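Heads up, the sequence shown is in my numbering, so the first residue is 505 and it goes up one at a time. Yeah, the Cβ is synthetic: ideal placement off N, Cα and C, and Gly gets one too. All values derive from a computational prediction rather than experimental measurement. Heads up, the thing below is written out as C-alpha cells.
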Amino acid sequence: MKKTNSSSDSLGIKEITAVSLMLFAMFFGAGNMIFPPTLGAAAGENVFAALIGFVFGDAGLAILAIAAVSLVGSNINDLGNLVGKKFSAVFALCVYLLIGPLFALPRTATVSFEIAVVPFLNGASKVIPSLIFTAVFFLLAYYLSKNPGRIVQIVGKILTPLLLFAIALIFITAVLNPYGDIGAATGNYAKHAFFAGFLDGYNALDGPAGLAFAAVVIISIRNLGVKSEKAIAKYTIISGFFAGAILAVVYFTLAYLGAHSGALGTFANGGQMLNAIAQTTTGLLGVILLSVAVYLACLTTAIGLITAFGEYISTTYPRISYHATILVATLFSFAIANVGLSTLIQFSLPVLLIIYPVTIVVCVQAFFYKFVGSRKGFYWLGLLLTFIVSVVHSLDGMNITLGALTAFITKLPFYDMGIAWLLPALIGSVLGLLIPVKEKN
C-alpha cells in the first residue's frame, strides 16, 4: 500500500476497501477452510444458529482483538501492559506460539496435504507421502521466509481471488445440482447450536491472530496519511468489520456445503469432506483447482506466520537471531504437522479453551481503559478468575478433575455452554476496582 501525501484524518471507500481486503487475506487461512464444512455437517438442521455462533467466535473475536489493540496502543504488548509487563510478555509469547509453530503453522501443511494430495492417493498409506510433502512444503516456506520481500503480497493478490473462485464454483454447482439433504443436528449442536458454533470458532485461531495483525493494520492506515489516534482506531475497527463480513459470507457457503454432505458419508476432518464435495459437484477439474489454490494459499500463510514469529522473537529477544528462530520454528512445525490433521485439531482444543477466554476478557477490558485507567486490580483479578475456570473446564474435558474445585466450577452458570468463565470474569473485574491503587513515590 503506497503512502499518500495527504495528512487528512479521513479515508475514502477505496482505501478502506484495500485495508479490509488485506486484512481478510491475512485472516483467511487453513482453519477457515476446514471448520465451517464440519460445523455444517454436525449442526444439520441447526446450521444457521451454529453458523452465527461460529462467526461470532471467529470473525467477531478477531474484530474485538483488533479494536482492543487500536484503543490502547498499536500492538499486542500495549494491550498486555494493561495488566503488567510480565503478563504482557507471557501473553504475547503464548499468542505467537499458538499462531506459529504450535498449531497454526503446522496446520497450513496438514490442511494442504489433506486437500491437495490425499484425493490422489486412492486409499494408500499417508505416512510416507505426508513426510515427503511436509518436508518439501516447509523447506520452500523456510527458504522464502529468509527473504520474503514482496512475494507474499504478489502471490497473495492472485491466490485469494483464485481460492474464492474455487469455493464459489463448488457452491454454485452444489446449489444447482444438490447432492444431499440437510441432516439432523448431532451432539452439542442439538442442544446449544449457537454456543457449540461459538466454541468451534476458536479453532480457526483468528481471535489471537487479530492481536498480532492489528499492528499491521494500524501501520497501513498511518501510511495512508491518518495521524489522529482516534481516527486510526476508527478506521481499524471499520476495516475489521468489513473483513469479518467477507469471512461470514465465505463461512456461509462452506457451512452450506457441509450441511448437505450427509449422503456422501462420514469424514475424519473438514479437509476430507471438502474434497469429497468438490469431487461430487465439480469432478476432477474442481478437485485440481481447489487443490492448487489451497496449497498455494497455505504456503503463503505459512510464509507470513514464519516471518511474523521470527520478527517477534528476534525483536523481543535480541540475542536470538531471526534466521535461527525461523529455522527452529520450521523444523518444529514439520514434526508437529506429521501427527496428522485430526490429531492436531484434537490436541489444540484444550489449549484454546484456556487461551481464548483470557484473550476475550482482556480485549473487553480494553474498552474500559479510559474509565478504569491504572487500576490494575480490574484487569488481573478478572483475568485470574477467568484463567482458573478455563483451566478447570479444559481439564474436565480431558476427564481430569481437581476435586472440590471442579465440582464447584461445573455448577457455575453457562458451564454446559462452554462459557462458565463469563460470570467470574465480571465479578473479578468489578471487585478488582475496589483494590487500592499503589501510589508511586
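*Buried versus exposed call for A672 [16 or more other C-beta atoms within 10 Å across all chains shown]*: Position 168 of the sequence shown, counted from the start, is the residue given in the question as residue 672. A672 comes out exposed.
_Count Cβ pairs between the region 882–896 and the region 724–742 that sit closer than 8 Å; are there 3 or more?_
Cβ pair count under 8 Å is below three, so no.
_When D900, Y919, S846 and F699 are compared against N550, the one with the closest alpha-carbon_ = Position 46 of the sequence shown, counted from the first residue, corresponds to residue 550. Cα-wise, what sits closest to N550 is F699.
_Using 8 Å for Cβ pairs, my map puts L703 next to G922. What's the rounded Cβ distance?_
As a working note, residue 703 is residue 199 in the sequence shown. As a working note, residue 922 is residue 418 in the sequence shown. That pair is a contact at about 5 Å.
*Return the chain-ordered list of same chain residues with a C-beta closer than 7 Å to the C-beta of S846, the five sequence neighbours on each side being excluded.*
Here the question's residue 846 lines up with position 342 in the sequence shown. These residues qualify, in order along the chain: A772 and N773.
*asked:* Let me confirm a value: V934 is counted as buried when at least 16 other C-beta atoms fall within 10 Å, else exposed. Which label applies?
replied: As a first step, residue 934 must be located in the sequence shown, where it is residue number 430. Residue environment analysis places V934 among the exposed positions, since fewer than 16 neighbouring C-beta atoms fall within 10 angstroms of its C-beta.
*asked:* Tell me the DSSP secondary structure of Y883 in three-state form.
replied: If you number the sequence shown from 1, residue 883 lands on position 379. If DSSP states are grouped into helix, strand and coil, Y883 belongs with the helices.
*To the nearest angstrom, how far is it from the Cα of I736 to the Cα of I864?*
Counting from one through the sequence shown, the residue named residue 736 turns up at place 232. Counting from one through the sequence shown, the residue named residue 864 turns up at place 360. Taking the straight line from one Cα to the other gives about 22 Å.
*State the CB to CB distance for the pair D513 and S724, rounded to an integer number of angstroms; the pair is presumed to be in contact (CB under 8 Å).*
For the purposes of this step, residue 513 is identified with residue 9 of the sequence shown, where counting begins at 1. For the purposes of this step, residue 724 is identified with residue 220 of the sequence shown, where counting begins at 1. Wrong, their Cβ atoms sit about 15 Å apart, outside the cutoff.
*When the distance is taken between beta carbons, is I807 closer than 7 Å to S649?*
Numbered from its first residue, the sequence shown carries residue 649 at position 145. Numbered from its first residue, the sequence shown carries residue 807 at position 303. Yes, these two residues count as a Cβ contact at 7 Å.
_Helix, strand or coil for T508? Go by DSSP, reduced to three states._
Position 4 of the sequence shown holds residue 508. Caution is warranted here: a pLDDT of 46 is assigned to T508, below 50, making its placement in the model unreliable, and the coordinate value is therefore given only provisionally. T508 carries a coil assignment under DSSP once its states are collapsed to helix, strand and coil.
*Alpha carbon to alpha carbon, how far is I792 from Y799?*
Your numbering for residue 792 matches position 288 in the sequence shown. Your numbering for residue 799 matches position 295 in the sequence shown. Taking the CA atoms as reference points, I792 sits about 10 Å from Y799.
_F607, enclosing alpha helix (DSSP H) - first and last residue_ = Translated into the one-based positions of the sequence shown, residue 607 becomes position 103. Element bounds for F607: n/a, residue is neither H nor E.
_Considering only their Cβ atoms, is the gap separating I750 from P528 smaller than 7 Å?_
Translated into positions along the sequence shown, residue 528 becomes position 24. Translated into positions along the sequence shown, residue 750 becomes position 246. Pro is not the amino acid found at residue 528; the sequence shown has Phe there. It is a contact, given that the beta carbons lie within the stated cut-off.
*Where does D513 sit, in a helix, a strand or coil, going by DSSP?*
Reading the sequence shown from its first residue, position 9 is the one you call residue 513. D513 carries a coil assignment under DSSP once its states are collapsed to helix, strand and coil.
_At 4 residues or longer, what runs of the alpha helix (DSSP H) sit wholly inside the region 701–766?_
The qualifying runs are 710–727 and 733–763.
*Could you give the DSSP three-state label for M902: helix, strand or coil?*
Residue 902 sits at position 398 when you count from the first residue of the sequence shown. In the structure shown, M902 adopts coil according to DSSP, grouped into three states.
*Length of the line joining the Cα atoms of G577 and I676*: For the purposes of this step, residue 577 is identified with residue 73 of the sequence shown, where counting begins at 1. For the purposes of this step, residue 676 is identified with residue 172 of the sequence shown, where counting begins at 1. Rounded to whole angstroms, the separation of the alpha carbons of I676 and G577 is 43 Å.
*asked:* Within a Cβ cutoff of 7 Å, which residues of the same chain sit near I603, ignoring the five residues on either side of it in sequence?
replied: In the sequence shown, the residue the question calls residue 603 occupies position 99. L709, P712, A713, A716 and L809.
*asked:* So, with DSSP's three-state summary, where would you put P665?
replied: For this step, residue 665 is matched to residue 161 along the sequence shown. Note: P665 maps to helix in three-state DSSP.
*Please list, in chain order, all residues of the same chain as Y755 whose beta carbon is under 7 Å from its beta carbon, the five residues on each side excluded.*
If you number the sequence shown from 1, residue 755 lands on position 251. Closer than 7 Å at Cβ, skipping near neighbours: P540, L555, F558 and V559.
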